[in-house]
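Residue numbers 0 to 474, in numbering that gives the first Met the number 0, belong to the letters of the sequence shown in order.
Heads up: the structure comes next, in structure tokens.
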Amino acid sequence: MPRVIVAGGGPVGMLLAAELGRRGVAATVVEKLTTTHDEPRAGTLHARTTQSLLRCGYLPVPDPPSEPDAVVEVPFHFGGRPVLTLESPALEGPPMIGQSQSAIERFFEARARSSGVEVLRGHQVTGVRDDGDRVTVTTDRGELTGDYVVGCDGARSTVREAAGITGTTHPATFAGLLGLARLGDPARVPGGWTHGPSGWTLINPNPAGHSRILTHEFTEPLPERGAPVTLEELRAAASRILGHDVPMSDATFLGRFSDFTRLADRYRHGRLLLAGDTAHVHAPLGGQGLNLGLQDAINLGWKLAMVVAGTAPDTLLDTYHAERHPVAEAVIANTRAQAALMRPGPEFEPLRELLGDLLAVPEANRLLSDRITGQGVRYGPDGEFLPNFRLGERTVAELLHPGRPVLLVAPAAAALADAAADWKDGVDVVTHDLGTPAVLLRPDGYVAWTGRDAERLTQALTAWFGPRGAGSGGP
């Protein structure tokens, strides 16, 4: 019997399964598609996602920078305007990685399978039931039972509906179209973001093949979200925005999107949990949705593994909602702000110009950069993300590769290492001076506690990683 059933095998579901599998948790992924679909959707991994994946061992450890405090900068947009510069520490590697969503899904599926996860493709989840001491998932091929179900099954989630979890919504203000098609005259089509009388285009012209074409129009009435898309509709929208005919042909993909938002009011109901688009949907501006979901999976994976193993109390899962729900609220807020800035009309030009002036101020740019990249996330008063310092022969990321908590203790604070001795089977103790007596790191790289008091250390160890001698975290 699988201990955890993951409903939905997109990038978020596959990463969660890989995280459970590498910690020895018996998991099954149920995915309705028989193969990964190649679609021209989100393809950007932002800084906090890459930093987290580095600590999980999915990315190579970067070479140390020549200057320890060096910062890498990448130009970016906010609301379609190139007014933002994304920043991240050079010691973490690149602040942004371009990779297709389908490639990300395939990578994590391979990692999940290699760690023993069962992947059932071509199976449709039709129902979920929490039986109190277990869960039952009904599919079109039969039933599965497990300890927990995580809904990663998208915006129209069966798991969320079964859990009866309501959501806070905001209606759409623009209609978006996405297509891959051949442009009849690519030389006349501007690349990148372009503002027109009815909205914006985002086009990657390809003179030799298919171009990626996105349109964002604010004219009403907005079409139904599930309405089919035709090539003529995409051509007409691009032509209206750009002010001239944009001939196109041979579409290989057509899709519809908007800035409709929904945030689940809770991420957990008993043995049912939500992650990714199942928990939150918003405008696809800046590639933040994929990153938000992947970070959900990293936050939940180690907690769920410890609870299943019996080394941490079930209440640890409540911290998942407490930590990730506010992050999603912030992402939804900034995507709604971007949509507002993108509204056509001369009355909005002063606002756009003001934003450009503000983001020329380094402190303002850094604030917004940290929001887009996720580097502003903290979990509680102690919960900063520890940078990838080199600690002797290993970096912080390499210390976390086994997927276990790490207690960093200064040489002069041996008493704190002694206080943690009863957790030695589940927490790695490393002697190194970071300028404070001790730093307790969670498996995801965030600080759980820092200080000098042995009693408070044991309280933090118990709260996060279970009682004394609870074990190594394997089931």
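From the three backbone atoms N, C-alpha and C, an ideal C-beta is built for every residue, glycine too.
Neighbour flag for residue i against chain C, beta carbons, 8 Å
i	result
V24	No chain C appears in the structure shown, which is made up of a single protein chain.
Neighbourhood of residue i by C-beta distance below 7 Å, restricted to the same chain and skipping five residues each side
i	result
F107	P10, M13, L14, A17
V330	H281, Q287, L291
A237	T200, I212, T214, V245
Cβ neighbours of residue i in the same chain (closer than 6 Å, five flanking residues each side left out)
i	result
H431	L390, L407
E117	T27
I96	L44, T49
A41	Q100, G286, L289
L357	A363
P185	P204, P206
W422	L460
G254	L177
G465	T310, A311
A46	S87, P94, T372, Q374
D276	G153, A154
G472	Residue confidence for G472 is low, a pLDDT of 45 falling below 50, so the modelled location carries little weight; the figure read from the coordinates is stated next. So the list reads M305, A308, T310, G425, once near-sequence residues are dropped.
A447	L439, R441, A459, W463
M341	G78, G79, W199
Integer-rounded CB distance, given that residue j should sit under 8 Å from residue i
i	j	result
M247	G183	6 Å
T261	T168	First, the residue type needs correcting, since residue 261 is Arg and not Thr in the sequence shown. Indeed they touch by this definition, with Cβ atoms about 5 Å apart.
P337	A413	Going by the sequence as given, residue 337 is Gln instead of Pro. With 8 Å as the limit, Q337 and A413 do not qualify as a contact, their Cβ atoms being about 51 Å apart.
L53	N333	Not quite, the Cβ-Cβ distance comes to about 24 Å (not below 8 Å), so this is no contact.
T144	R155	Not confirmed; about 24 Å, so no contact.
G7	G150	7 Å
P63	G92	Going by Cβ atoms, the distance from P63 to G92 rounds to 11 Å, so no, they are not a contact pair.
G163	D264	At roughly 10 Å, the Cβ-Cβ gap does not stay under 8 Å, so G163 and D264 are not in contact.
V395	L385	6 Å
Continuous alpha helix (DSSP H) stretch holding residue i: start and end
i	result
H431	Run containing H431: none; DSSP gives neither H nor E here.
F107	100 to 113
M13	10 to 21
H320	317 to 340
Proximal residues to residue i (C-beta, below 8 Å), its chain only, five neighbours per side dropped
i	result
A171	L221, R224, S257, D258, F259
T125	T137, T138, D139, T157
P196	R239, I240, G242, P343
L83	P74, F75, H76, F77, L358, N364, L367, S368, I371
Run of the beta strand (DSSP E) containing residue i, from where it starts to where it stops
i	result
G141	141 to 145
N203	198 to 203
A235	Element bounds for A235: not the beta strand (DSSP E) but the alpha helix (DSSP H), 230 to 241.
R40	Where R40 is concerned, there is no enclosing beta strand (DSSP E), given that its DSSP letter is neither H nor E.
L83	80 to 88
S478	Outside the displayed range of the chain (0 to 474) lies residue 478, so it cannot be described from this structure.
L262	260 to 263
E30	26 to 30
I4	3 to 6
Beta bridge counterpart(s) of residue i as assigned by DSSP
i	result
D129	V134
G285	Bridge partners of G285: none, in fact.
W301	Answer by DSSP bridge pairing: none, since W301 is not bridged.
H215	G175, W199
L44	I96
W192	L201
L273	G150
Three or more C-beta pairs closer than 8 Å, one from the stretch 112 to 130 and one from the stretch 409 to 417: is that the case here?
No, the stretch 112 to 130 does not touch the stretch 409 to 417.
Quick one: any contact between the stretch 263 to 270 and the stretch 20 to 35, if contact means 3 or more CB pairs under 8 Å?
no
Count the C-beta pairs between the stretch 294 to 306 and the stretch 447 to 456 that are closer than 8 Å, then say yes if the count reaches three, no if not.
No: fewer than three Cβ pairs fall under 8 Å.
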